[in-house]
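Sequential numbering of the sequence shown, starting at 1, is according to the UniProt record's numbering.
Quick reminder that beta carbons are idealized off the backbone N, C-alpha and C, glycines included.
For clarity, every value in this text was computed on a predicted model and none was experimentally measured.
Single-structure report; data block below.
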Amino acid sequence: MAADYIVKDIALAGFGRKELTIAETEMPGLMACREEFGASQPLKGARIVGSLHMTIQTGVLIETLVALGADVRWASCNIFSTQDHAAAAIAESGVPVFAIKGQSLEEHWDYLDRSFQFGEGANMILDDGGDATLYVLFGARMEAGEDVIAVPQSEEEAVIKAQILKRMAQSPGWFTRTRDAIKGVSEETTTGVHRLYDLHKKGQLPFPAINVNDSVTKSKFDNKYGCKESLVDGIRRATDTMMAGKVAVVCGYGDVGKGSAASLQGAGARVKVTEVDPICALQAAMDGFEVVTLEDAVETADIFITTTGNRDIIRIEHMHRMKDMAIVGNIGHFDNEIQVANLKNHKWTNIKDQVDMIEMPSGARIILLSQGRLLNLGNATGHPSFVMSASFTNQTLAQIELWTKGEEYQPGVYILPKALDEKVARLHLKKIGVKLTELSPAQAEYIGVTVEGPFKPEHYRY
Ligand code: NAI
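Structure below.
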């Protein structure tokens with residue numbers, strides 16, 4: 001029988017295993033989950049489809065889910081984000097992984113499909129960006145006769161439609177059966193969460209979903225401190241450019257934008273910010289950044305980074321006005337923040353994997369990172385393990401909650417309770433030598449909380 005995995009080179013497993021072992025020492029939250037729940041096997045019977053960047057950190061998450069009793073199959077949620085040694089090590093451990101750094105779009109959607117093919121069928125989804133959820137829900141609607149992608153708006157939409165039609169021809173009724181078997185989905189990122197709330201609003205979300213992104217210990221840490229470390233890492237590995245003194249524009253000043261601006265500022269760049277939200281614009285200004293429009297900054301800046309989760313931020317007319325050798329990249333979830341499709345008829349020179357030089361009509365060239373896909377994972381190795389431990393501890397708790405108590409939830413989008421959020425934070429304190437102060441009973445009573453927490457009301461924003 002052919003091996004039930006697709007990785008670049010299984011011989012990379014030894015290297016991957018060494019890095020997994022190091023990552024475990026930096027992921028105290030996940031290791032604590034193994035200790036707390038390993039014996040009781042709360043995920044026994046769960047058949048989890050994972051669609052999330054197949055990195056070393058994700059490897060530690062996968063092995064935690066397995067240690068808690070789950071059956072797992074995995075695909076990456078981005079064509080450039082896989083770490084091939086991580087994929088090899090996980091495949092060698094017996095978990096079916098379908099992920100290669102630099103896979104084509106066709107392979108990408110085929111690999112996602114393969115990650116659903118448990119003998120008895122999947123019953124849980126762990127998603128990052130919502131593609132696994134979309135695949136099942138679009139497929140089920142197409143089986144019901146609705147042409148959900150009647151006119152594909154992009155190359156990727158055409159690929160998705162072709163993949164759905166292929167599965168429909170191979171296994172009639174498969175999407176509907178799979179949809180009905182899914183007990184719940186836990187979603188990692190802002191963009192995927194937007195999609196879930198939108199589905200729910202339209203009455204198209206048939207199962208409960210846990211919004212992991214909006215655990216405080218996820219978005220206020222991974223999105224912010226994670227990008228603070230991994231954005232400049234990606235730019236440096238791609239270009240080796242001197243950052244100090246350069247003018248950088250960060251589009252968007254949400255959590256990812258805050259981390260990205262801090263990352264560039266920490267490297268000595270002179271950072272400008274663009275925003276549409278007056279609150280975030282005011283925050284950026286009071287953090288010391290000049291808030292401008294892209295139109296005003298486009299001719300003078302050296303580095304452009306999109307962080308908005310929105311479409312068409314850097315448009316073709318902007319790129320045509322940039323100075324020679326401007327660096328252009330995106331750290332938001334999808335590649336539609338930069339109008340890369342409109343560059344296709346320009347002259348491209350590939351410099352190395354995930355780095356292209358593109359000539360504008362004026363003769364000026366731009367350096368485009370990861371073809372507009374998230375550059376911290378495309379050009380570098382994503383966020384460090386420690387911050388991903390907090391994110392993935394939330395993922396693990398969300399999977400346990402949905403698998404063991406899914407029936408108690410109506411279809412809808414939920415956030416983990418604050419007590420668990422505080423627990424995730426608590427699990428990460430010892431590793432970095434943080435000593436907490438304890439409230440006295442009188443103090444607790446005075447501010448209206450209990451000595452053990454939760455310490456803040458739901459509306460507190462951190
Ligand atoms: P957010 O909602 O906190 O921030 C986005 C910001 O962009 C908002 O403040 C919004 O007002 C602003 N914005 C929207 N349209 C704009 C426009 N036309 N011009 C300027 N600003 C605009 O979202 P968050 O959490 O910062 O996530 C942003 C993106 O990054 C999402 O796609 C998310 O999924 C992704 N992400 C990527 C990570 C990575 O490692 N690469 C990690 C975490 C999230």
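DSSP state of residue i mapped onto helix, strand, coil
i                 : result
methionine 322    : coil
phenylalanine 334 : coil
lysine 435        : coil
methionine 388    : helix
methionine 357    : strand
threonine 381     : coil
asparagine 394    : helix
phenylalanine 289 : coil
arginine 236      : helix
glutamate 187     : strand
residue 473       : With the chain running from 1 to 462 in the structure shown, residue 473 is simply not present.
leucine 374       : strand
phenylalanine 37  : helix
arginine 195      : helix
asparagine 342    : helix
aspartate 98      : The sequence as given places phenylalanine at residue 98; aspartate does not occur at that position. In this structure, phenylalanine 98 counts as strand in the three-state DSSP scheme.
lysine 347        : strand
valine 273        : strand
glutamate 79      : The sequence as given places isoleucine at residue 79; glutamate does not occur at that position. Residue state, collapsed to three classes: coil.
threonine 306     : strand
isoleucine 182    : coil
lysine 201        : helix
glycine 29        : helix
valine 352        : Per the sequence shown, the amino acid found at residue 352 is lysine instead of valine. Strand at lysine 352.
glycine 226       : helix
glycine 45        : coil
glycine 406       : helix
Any non-hydrogen atom of the ligand ZN closer than 7 Å to residue i Cβ
i              : result
isoleucine 313 : Looking for the ligand ZN in the displayed structure turns up nothing; the ligands present are the ligand NAI.
First through last residue of the alpha helix (DSSP H) which encompasses residue i
i              : result
proline 206    : Careful: proline 206 lies outside any alpha helix (DSSP H) and carries neither H nor E.
isoleucine 90  : 84-92
glycine 448    : That residue, glycine 448, is in no alpha helix (DSSP H); it is neither H nor E in DSSP.
isoleucine 313 : Taken as a continuous stretch (DSSP letters only), isoleucine 313 belongs to no alpha helix (DSSP H), as it is neither H nor E.
valine 256     : 255-266
arginine 426   : 418-427
residue 472    : This structure leaves residue 472 out entirely; the chain is present only between 1 and 462.
threonine 21   : 13-25
aspartate 296  : 294-297
Extent of the continuous beta strand (DSSP E) to which residue i belongs
i             : result
aspartate 71  : 71-75
alanine 414   : Alanine is not the amino acid found at residue 414; the sequence shown has tyrosine there. Tyrosine 414 -> beta strand (DSSP E) spans 412-414.
valine 250    : 247-251
leucine 369   : 365-369
isoleucine 56 : Note, isoleucine 56: premise wrong, no beta strand (DSSP E); alpha helix (DSSP H) at 56-67.
Residue i versus the options, residue with shortest Cα-Cα distance
i                 : options                        : result
alanine 2         : Pro96, Ser171, Gly45, Lys44    : Pro96
leucine 20        : Ile210, Gln170, Gln83          : Gln83
leucine 374       : Thr404, Asn330, Ser115         : Asn330
phenylalanine 221 : Val298, Val291, Leu52, Thr189  : Thr189
glutamine 410     : Gln163, Pro454, Ala238, Gly184 : Gly184
tyrosine 253      : Pro172, Asn310, Ile164         : Asn310
valine 298        : Val256, Gln265, Cys251         : Cys251
isoleucine 366    : Leu282, Met325, Ala419, Tyr111 : Met325
leucine 112       : Thr274, Val276, Arg73          : Arg73
isoleucine 90     : Met54, Gln117, Gly69           : Met54
valine 328        : Lys344, Thr306, Lys347         : Thr306
aspartate 353     : Ala341, Phe334, Gly363, Asn379 : Asn379
proline 42        : Ser385, Met357, Thr396, Phe138 : Thr396
leucine 416       : Glu407, Leu429, Ala398         : Ala398
threonine 191     : Lys423, Thr217, Ser362, Asn336 : Asn336
leucine 264       : Val273, Thr274, Phe175, Ala248 : Ala248
threonine 300     : His320, Ile313, Gln283, Lys456 : His320
alanine 341       : Ile316, Arg47, Ser440          : Ile316
proline 441       : Glu92, Lys430, Ile432, Phe455  : Phe455
leucine 126       : Leu231, Ala32, Val212          : Val212
arginine 461      : Ala158, Val148, Asp214, Phe15  : Asp214
methionine 322    : Lys44, Val193, Gly203, Asp302  : Asp302
Interface flag, residue i vs chain C, CB-CB below 8 Å
i              : result
asparagine 336 : Structure shown: chain C not included; a single protein chain is present.
> Which runs of the beta strand (DSSP E) fall wholly inside the stretch 100-167 and span at least 3 residues, in chain order?
Replying inline: When DSSP assignments are scanned along the stretch 100-167, the uninterrupted stretches of beta strand (DSSP E) that are 3 or more residues long and fall wholly within it turn out to be 124-127.
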